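Report on one structure; see the data block that follows.
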Amino acid sequence: MAMQFQRWFSKVVVATGLSLAFIANTYAEADPKLWPVMKEAFFAKREMKEVDFIKIEAPKRAESGAQVPVSYSIDNAAANGVVIKKLYAFVDANPIPLTATYHLSDALGNFQLSTRIRFETDAYVRLVGETADGQLYLASRVIRAAGGCGGMVENNEAEIRAAAGRIKMNVETPVKVGTPTTATFNIKHIMRTGLQRDLVSQGYVPAFYINKVDFVYGGKPLMTVDVGVGTAEDPYFKFSFIPATAGKLEAVATDNEGKTFSQQYEVKI
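Under this note's numbering, the first residue of the sequence shown carries the number 1255, and numbering increases by one thereafter.
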């Protein structure tokens, strides 16, 4: 996806004659002209159909661009046989627009997930669902929020490193076989974007972020999240899955420096 982002960045600059930083500071409203350029960069020449079975829930205006709550869902009945295997989440005005990619399994049932993301300025959230045979489906929503990707930071590096990777995980009870069950995952991590400046030196602070989380239940893949820096500090994922038996829910997270963090939760039925 890095090369796709670079192509998209270049096309935006050429098409508008502006840098993304200037775009973010100029537009007070979400700009629909960004998406066609981004779509071409990430999904060149591929057809994409707008649908209502992929849904985005979020506040129209968020209190903070650094922590914007959103919920994503897929209504399998309304999808009428379309099975989404991969879900791309974009904030189209962010300097790095791809916030996460979700690799889905059948054990998730009707996909439902809540998370928190960043906004640099008012923008559209775009969800692109992809089927196993490469068909693409789109859902969009406007959110007003700003200031979540860059800015000045004052951090205690030793404290940040010591806390990074602490995981809290829970499964709501009671749990019943074949019934949707809610799991919550939260990992302590600063999620530095690489676009923030140090308050003292004024230089850019190096990116430091969780880049992947694998969820496994009963030894079988449940969901993999490719995490981007558009995901908010202390990444949070609340999602539903359908247990076939009692088992162990495992989460393994990695960061961009190669460190690994894990947690397990024994699910009893």
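C-beta: ideal position from N, C-alpha, C; glycine also. All values reported here derive from a predicted model rather than from experimental measurement.
Starting from Val1506, trace the beta strand (DSSP E) in both directions and tell me its first and last residue. Membership of Val1506 in the beta strand (DSSP E) is indicated by the continuous run Gly1501 to Asp1509.
Collapsed DSSP secondary structure at Leu1288 in the structure displayed: Reduced to three states, the DSSP call for Leu1288 is helix.
On a CA-only basis, which of Leu1503, Ala1298 and Asn1330 is nearest Asn1364? Give me that one, please. The closest CA to that of Asn1364, considering only Leu1503, Ala1298 and Asn1330, is found on Asn1330.
Per DSSP, which residues does Ala1377 bridge with? Please list them. Per DSSP, the beta bridge partners of Ala1377 are Ile1397.
Boundaries of the alpha helix (DSSP H) in which Ala1545 is found, first to last residue: Because the chain is modelled from 1255 through 1523, residue 1545 falls outside the range shown and cannot be assessed.
Which term fits Ala1298, buried or exposed, when burial requires 16 or more other beta carbons within 10 angstroms of its beta carbon? If you draw a 10 Å sphere on the C-beta of Ala1298, you find fewer than 16 other C-beta atoms in it, and that means exposed.
At the level of alpha carbons, what is the spacing between Ile1414 and Ser1359? Cα-Cα distance, rounded: 33 Å.
Extent of the continuous beta strand (DSSP E) run through Arg1370: From DSSP, the beta strand (DSSP E) with Arg1370 extends over Gln1366 to Ile1371.
Proximity winner among Ser1318, Ala1377 and Ile1496, relative to Gly1432 (alpha-carbon distances): Closest by alpha carbon: Ile1496.
Have a look at Ile1421 and Gln1517 and give me their C-alpha separation to the nearest angstrom. Distance between the alpha carbons of Ile1421 and Gln1517 is about 7 Å.
Is Leu1341 helix, strand or coil by DSSP? DSSP, read as helix, strand or coil, puts Leu1341 in strand.
Opposite Tyr1490 in the DSSP bridges: which residues? Looking at the DSSP output, Tyr1490 shares a beta bridge with Asn1440.
Do Ser1368 and Val1379 have their beta-carbon atoms positioned less than 8 Å apart in this structure? The answer is no: Cβ separation not under 8 Å.
Taking its Cβ as the centre, do 16 or more other Cβ atoms sit within 10 Å of Lys1293, making it buried, or is it exposed? Label assigned to Lys1293: buried.
Suppose contacts are defined by Cβ-Cβ distances below 8 Å. Is Asn1465 in contact with Asn1510 by that definition? For Asn1465 and Asn1510, yes; Cβs fall inside 8 Å.
Taking the straight line between their C-alpha atoms, what separation do you get for Ala1347 and Thr1499? Roughly 43 Å between the two C-alpha positions.
Going by the beta-carbon positions, is the gap between Tyr1490 and Arg1370 smaller than 8 Å? At a Cβ-Cβ threshold of 8 Å, Tyr1490 and Arg1370 count as neighbours.
Reduced DSSP category for Ile1464 - H, G, I as helix; E, B as strand; rest coil: Looking at Ile1464 - three-state DSSP - the assignment turns out to be strand.
Under 8 Å by Cβ, that's how I've got Glu1504 and Val1470 pegged, so tell me the actual separation to the nearest angstrom. Sure, about 5 Å apart at Cβ, within 8 Å.
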